[in-house]
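First the structure, in the form of structure tokens, and then the observations on it.
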Amino acid sequence: MDTIMALMLTERNEPISVFAEFSGGAVKPVWFSLNGRRIRVGEITLIWKTRKGSTPILHFSVTDGEGLYEIQYNTGTFSWRLAACA
Amino acid sequence: MKSNTTQGLFHGGWRPVRSVLHIDMNAFFASVEQRANPALRGKAMAVIGSEHRGVVLSPSYEARAFGVKTGMTYGEARKACPGLRLVAADPAKYSYTCEKLIGIWSDFSPLVELFSIDEAFLDVTGCERLFGDPLRIAIRIKERVWSEENLTCSIGIAPNKLLAKLGSDMQKPDGLVLITPDDVDGVLENLPVRELCGIGPSLERSLASIGIRTCGELGRTPLEKLTARFGVIGERLQNMGRGIDDDPIAALEAAYEEPAKSIGHSMTLTEDCADIALIERHILQLAEKVGRRLRRGSYNGRTVSLTLRYADFQTFSRQKKLFHAVNHGLDIYAAAREMLRERSLTQPIRLVGVSVSNLERGVSQMPLFDDERKRTVVAGAMDEINDRYGDYTVTRGSLAERYWHERVISPAWRPRGDRQY
């Protein structure tokens, strides 16, 4: 399973601060802080939605041109988490 | 095929026929993963069932060029393409993307039938005044799917579902094929019967055994000969050979309302398991999940089924008919466990499945005894908490160390209704 592991994002599951735009009923992360570094979102490669109970969770796969990150926005607690990164 | 306009879809110049589109998302799971991860774009990669075991679910077109096919084991896929990159499936991404695609398709017709998570039929008959002829509609759908989702699809346009599906299969990826009534005979004459949706390898062999290899031959075979060999499906087969298919579009909205016939779950285990206590715990987990879905849909069921698959893929199912219809996890578990204990296992188990059928909706027996009443109240309270805060927020102590069930997308999955989960 080495090839799979090499390509998988590493799970992080940690709270992060995100600067995001909320407009037209949509949310768009612009940058977030990670280990004191500001990661600017260059491309949102995919957005998808899941639910935790009755709370919708928005997932964003984003890249700054170097790394790939999955960040999540919990619409119930208005909080952001870094779910994984590669 | 011709790039005709609607004119071509009028048979004999006077008899209007349906305009059906079949949309097939190209290498859907793989394309979604390539979209999500730029490092995978343009690379030979495949989406696999799970990190631990399973098969190739969706190879990218770059991997297909090396001969990687759906259903191959990892070993077979790697042998075909040594540099193949493998990604574990993430069903939430695909189901959400599918919901967005349904939104696009529904803008063009109210009659959308989801054939699977990556295929749909649209009946666009009568939509011409709004959106142009069927060819124009197909082009607009392809443009929107690309601009909004960065995905490609192949579309077949034909007077019925059978031929539309055939059309979308003819040109991949990113294809567009129009089969008009005038084209049908020419397209089918020398087409191998296996190219038709619904004719698999076994039926193909049976047809070959009576000298039928092409659709043209199938369509010309006397009905008596086909019914003598295949029974009631003989007429359907002859119609397929002639390109005739009156099957209507089963619109999504109707499918959401359609009551479920059975509700079940199964899990492929990370490792083959011979430990009966552990298998029983897996059965309890599945039974609780089935019970929760039954209650959510206001169902009760009288028949409980247990499915087990041995390590060598030999699969068997047992059914038990209950005196009362049930929707409580423990009742389902008790029936399934009894069936498990009636049989001595000869091999470790690879897959466990529990389902409940013979369903009644909106009818339930009032609990008469105190114990029964308490159990119903507790189940209701647990459902409320889990609905609000997420699965397994409250669960049985024996499921605290439950199996982490990798979610798979059932072919019957629909974005809403009883088949959502």
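Residue numbers (this note's numbering), protein chains in the order written: chain Z, 4 to 89; chain G, 1425 to 1845.
All C-beta atoms in this analysis are idealised placements derived from N, C-alpha and C, irrespective of residue type, glycine included.
Own chain, CB closer than 7 Å to residue i, minus 5 neighbours either side, in chain order
i: residue 1666/G; result: 1643
i: residue 36/Z; result: 19 and 20
i: residue 1429/G; result: Note on residue 1429/G: pLDDT 38, under 50, position unreliable in the model; the coordinate value appears next. The residues are 1557 and 1559.
i: residue 82/Z; result: 18
i: residue 1453/G; result: 1471, 1481, 1482, 1513 and 1518
i: residue 1466/G; result: 1486
i: residue 1462/G; result: none
i: residue 85/Z; result: 15, 17, 19, 37, 72 and 74
i: residue 1781/G; result: 1685, 1686, 1725, 1727 and 1729
i: residue 34/Z; result: 22, 41, 42, 43 and 44
Residues near residue i in its chain [Cβ-Cβ closer than 8 Å; skip 5 each side]
i: residue 1707/G; result: 1730, 1757, 1760, 1761, 1764, 1776 and 1778
i: residue 1826/G; result: 1705, 1709, 1816 and 1819
i: residue 1505/G; result: 1468, 1487, 1490, 1491 and 1492
i: residue 1806/G; result: 1818 and 1819
i: residue 1555/G; result: 1532, 1548, 1561 and 1564
i: residue 1699/G; result: none
i: residue 30/Z; result: 23, 24, 61 and 76
Cβ-based neighbour list, residue i, same chain, cut-off 6 Å, excluding 5 preceding and 5 following
i: residue 1475/G; result: 1512
i: residue 1601/G; result: 1425, 1580, 1591, 1594 and 1595
i: residue 1713/G; result: 1689
i: residue 5/Z; result: Annotation note: pLDDT 42 at residue 5/Z (below 50); position unreliable, coordinate value reported separately. Nothing listed; no residue qualifies.
i: residue 1459/G; result: 1574
i: residue 1587/G; result: 1603 and 1667
i: residue 1675/G; result: 1535
i: residue 1523/G; result: 1839
i: residue 1734/G; result: 1771
i: residue 1495/G; result: 1479
i: residue 1597/G; result: 1450, 1485 and 1576
i: residue 1618/G; result: 1628
i: residue 1683/G; result: 1785
i: residue 1443/G; result: 1433, 1548, 1549 and 1558
CB contact below 9 Å: residue i versus chain G
i: residue 31/Z; result: no
i: residue 36/Z; result: no
i: residue 14/Z; result: no
i: residue 78/Z; result: no
i: residue 46/Z; result: yes
i: residue 88/Z; result: no
i: residue 18/Z; result: no
Chain-ordered chain G contacts of residue i [CB-CB under 7 Å]
i: residue 53/Z; result: 1516
Chain Z within 9 Å of residue i, Cβ atoms only
i: residue 1814/G; result: yes
i: residue 1459/G; result: yes
i: residue 1521/G; result: yes
i: residue 1462/G; result: yes
i: residue 1456/G; result: yes
i: residue 1426/G; result: Caution is warranted here: a pLDDT of 42 is assigned to residue 1426/G, below 50, making its placement in the model unreliable, and the coordinate value is therefore given only provisionally. Chain Z contact via Cβ: absent.
Under 9 Å from the C-beta of residue i: neighbouring residues of chain G
i: residue 82/Z; result: Ordered by position in chain G, no residue passes the 9 Å Cβ test against residue 82/Z, which lies about 15 Å from the chain.
i: residue 56/Z; result: 1809, 1810, 1811, 1812, 1813, 1814, 1815 and 1817
In DSSP terms, what residue i is bridged to
i: residue 1779/G; result: 1688/G and 1729/G
i: residue 83/Z; result: 76/Z
i: residue 1469/G; result: 1509/G
i: residue 55/Z; result: 58/Z
i: residue 1448/G; result: 1543/G and 1578/G
i: residue 31/Z; result: 24/Z
i: residue 65/Z; result: 47/Z and 72/Z
i: residue 18/Z; result: 84/Z
i: residue 1722/G; result: Its beta-bridge partners do not exist; DSSP assigns none.
i: residue 40/Z; result: 37/Z
i: residue 13/Z; result: 88/Z
i: residue 1639/G; result: DSSP lists no partner for residue 1639/G.
Partner residues on chain G for residue i, Cβ-Cβ distance less than 8 Å
i: residue 66/Z; result: 1462
Residues that residue i contacts on chain B, provided the C-beta gap is smaller than 8 Å
i: residue 85/Z; result: Absent here is chain B; the protein component of the structure consists of chains Z and G.
Residue i: CB within 8 Å of a non-hydrogen atom of the ligand SAH
i: residue 1674/G; result: Absent from the structure shown: the ligand SAH. Ligands present: none.
Worksheet entry | Segments of 4+ residues assigned as alpha helix (DSSP H) that fall wholly inside the segment 1728 to 1815 of chain G | As far as the segment 1728 to 1815 of chain G is concerned, its whole alpha helix (DSSP H) runs of at least 4 residues are 1753 to 1765 and 1794 to 1813.
Discussion item. Could you tell me which whole alpha helix (DSSP H) segments of length 4 or greater appear in the segment 1471 to 1552 of chain G?
Written reply: Entirely contained in the segment 1471 to 1552 of chain G, the alpha helix (DSSP H) runs reaching 4 residues are, in chain order, 1485 to 1488, 1498 to 1504 and 1515 to 1530.
Worksheet item: Unbroken alpha helix (DSSP H) runs of length 4 or more, entirely within the segment 1555 to 1637 of chain G: which are they?
Response: Qualifying alpha helix (DSSP H) stretches, in chain order: 1558 to 1573, 1585 to 1594, 1608 to 1613 and 1625 to 1633.
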